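The structure is reproduced here in structure tokens:
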């Protein structure tokens, strides 16, 4: 399990997870806020819409009520009605012709009034005058109706459902005789179509399980499609009621004109029907947004991590011994900076490896020459020792000293270079002195030399054979090409205000031609010089060894001054403590 987690625990996956987590949280918060806000708006709009339906229904009912009221006023204030009821009030006989004329007038008013089925006219003694026939089985006035009409003194009184026919509603009003000081002249009973009082769309209510209720002033139902007791709903002040284990929102609208109350019961689920669609839409939109963000995050994380992965693979190859520079890729500045830093490190490391390699080559060549000089060293030393004592016995002291110098020269040369790579400065100068004594056998009095060094610097460590090649060149090219005596001075002096020693090899020989000297200096500026012809180590060897051994000290290499027929001076600086530290580190 841990291996699987470790395999997937990459920078790319971490970036991807962080981005997706942040986006998921943002989408979740936005979705919740959007859902709550839009849900509130949808529910609020639905409530306003239902409230508007109730207001419009109430307005339509008020308009219908006023129309009935006006139509009944037209009847009770009609001149013919007033005259006829006045005669009845005065107990005078009413001709049948007047009744017929009155019937025509009432029928005309009825025909021009919407929702009114018929008018029935009664005297104050509750005798029916109109209609003239009994085809519609006219009602008899009930005492309770008459009492209500008397109490209202001519205002329209709502009675309710017709006891004989549930398809009609009844209303009554008293007829005041205007010529008799508004005395009670009788009553008019208005019969109205029940369907005219339907204030909502039945198809819509059936589809949404909505209930509509119309209550009169006494909170008795006028119109209702709710078939259960209404008391729990009517007397409930809450905005919601529970019907058949479902919550219904109660919308109330009371009329100031009629005193009626419109109740609309709407299922809460109907109000929130759009919310489920909204929830699904938000969920799908969130998934699509998350998918798009996942693709974008995957692309972005790949762009960010691809250069890092390539750099990691390059570094992994470097650990296996292949130091290669990583090519630059289009990426962010930080990644480019990291890549540039790594490439610079590889470049410097390869340079150091090359320097160490060159140093080892120089060292190997020196060792090879030393090994070549070690052919049977004991035999050579024994032979030279026998030759020395033979010359001593014969009185050839000068030759005997030369043999001793040669023996010392061989001994210094063929010692183990692994152990004596660094030597004391005094040993290097003693070796040079032995070399000069041997060279004097060739040049005789033409060769003069002098070695100058303060004894305080005898124990300064220097690389073996660092000075000897310069002395060899001074002897071969200075004394060898000069007619007359050649003076060679080897000096070691302290450089003022520094911790360096200045080593100088000076001769007054033939010198170096100006063009040759210029070539040597240009080659040195480029990092190396061509070797000087002749036996022994070349100046290039000394130059490269100075660069290798003293690079950390900022060594500037050799300084060569020469004039034709005036001589040559070669000098360089070495640190007093640098060689000793290097030697101690190698020995440890």
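Numbering (the numbering used here), first residue to last: 6 to 593. Glycine is no exception: its CB is placed at the ideal position from the N, C-alpha and C atoms. Note that the structure is predicted; figures quoted are calculated from it, not measured.
Could you pull out every unbroken beta strand (DSSP E) segment of at least 3 residues lying fully inside the region 187 to 259, listed in chain order?
Qualifying beta strand (DSSP E) stretches, in chain order: 188 to 198, 216 to 220, 226 to 229, 245 to 248, 251 to 259.
Name the residue from 299, 302, 332 whose alpha carbon lies nearest to the alpha carbon of residue 314.
332
Which residues mark the beginning and the end of the alpha helix (DSSP H) in which residue 90 is found?
It spans 84 to 94 - the alpha helix (DSSP H) in which residue 90 sits, taken as one unbroken run.
Output needed for residue 70: all residues of its chain with C-beta closer than 6 angstroms, excluding positions within five of it in sequence on either side, in chain order.
263
Using C-beta distances below 7 angstroms, list every residue in its chain close to residue 129, excluding the 5 sequence neighbours before and after it, in chain order.
94, 189, 190, 191
Using 8 angstroms as the cut-off, can you tell me whether the region 20 to 30 makes contact with the region 291 to 303, which would need three or more C-beta pairs spanning the two stretches below that distance?
yes
What's the call for residue 344, buried or exposed, on a 16-neighbour Cβ count within 10 Å?
buried
6 angstroms CB neighbourhood of residue 407 in its chain, flanking five on each side removed:
Excluding positions up to five away in sequence, the list reads 446.
Going by DSSP, what residue range makes up the alpha helix (DSSP H) through residue 50?
16 to 81
Specify the secondary structure class of residue 265 as computed by DSSP and reduced to three states.
Three-state result, residue 265: coil.
Rounded to whole angstroms, what's the CA-CA distance from residue 20 to residue 297? Just pull it up for me.
16 angstroms
Test item: CB-CB of residue 181 and residue 158 under 9 angstroms:
yes
Residue 563 by DSSP, collapsed to three states: which one?
Residue state, collapsed to three classes: coil.
Residue 436, enclosing alpha helix (DSSP H) - first and last residue:
430 to 448
From what residue to what residue does the beta strand (DSSP E) around residue 453 run?
Residue 453 -> beta strand (DSSP E) spans 452 to 458.
Just the Cα atoms here: how many angstroms apart are residue 411 and residue 564?
31 angstroms
Alpha-carbon to alpha-carbon, residue 316 and residue 361
26 angstroms
Can you tell me whether residue 101 is buried or exposed? The criterion is at least 16 other CB atoms within 10 Å of its CB, across all chains shown.
Looking at its Cβ environment, which holds fewer than 16 other Cβ atoms inside 10 Å, residue 101 is exposed.
Sorted by chain position, which residues of the same chain lie with C-beta nearer than 8 angstroms to residue 284's C-beta, five sequence neighbours on each side aside?
40
Report all residues from its chain with a CB closer than 6 angstroms to the CB of residue 473; omit the five preceding and five following residues, and keep chain order.
437
Helix or strand or just coil, what does DSSP make of residue 568?
strand
Starting from residue 418, trace the beta strand (DSSP E) both ways and give me its first and last residue.
Residue 418: not part of any beta strand (DSSP E); member of the alpha helix (DSSP H) spanning 402 to 418, first to last residue.
Contact belief for residue 440 with residue 464 at Cβ below 8 angstroms, rounded distance in angstroms
Not really, about 21 angstroms apart at Cβ, beyond 8 angstroms.
Taking residue 215 and residue 248 to be in contact with their CB atoms under 8 angstroms, please state how far apart those CB atoms are, rounded to whole angstroms.
The beta-carbon distance between residue 215 and residue 248, rounded to whole angstroms, is 11 angstroms. This is too long to meet the 8 angstroms contact definition.
Label residue 59 either buried or exposed according to how many other C-beta atoms from any shown protein chain fall within 10 Å of its C-beta, with 16 as the threshold for buried.
buried
For residue 481, the three-state DSSP class (helix, strand or coil)
Three-state result, residue 481: helix.
Going by DSSP in three states, residue 184 sits in which element: helix, strand or coil?
helix
Three CB pairs or more closer than 8 angstroms across the region 103 to 122 and the region 74 to 89
yes
Evaluate contact between the region 476 to 491 and the region 504 to 523, counting only Cβ atoms and requiring at least three cross-stretch pairs below 8 angstroms.
yes
Taking C-alpha atoms, which residue in 118, 571, 310 lies nearest to residue 16?
Closest option to residue 16, Cα to Cα, is 310.
In angstroms with no decimal places, state the Cα-to-Cα distance between residue 470 and residue 357.
24 angstroms
In this structure, does DSSP put residue 300 in helix, strand or coil?
helix
If you draw a straight line from the C-alpha of residue 46 to the C-alpha of residue 286, how long is it?
16 angstroms
By Cβ distance, which residues of its chain are closer than 8 angstroms to residue 556, with the 5 residues on each side in sequence left out?
360
Where does residue 122 land, buried or exposed, given buried means 16+ other C-beta within 10 angstroms?
buried
Within the same chain, show all residues whose beta-carbon is closer than 7 angstroms to that of residue 114, passing over the 5 residues directly before and after it, in chain order.
76, 79, 80
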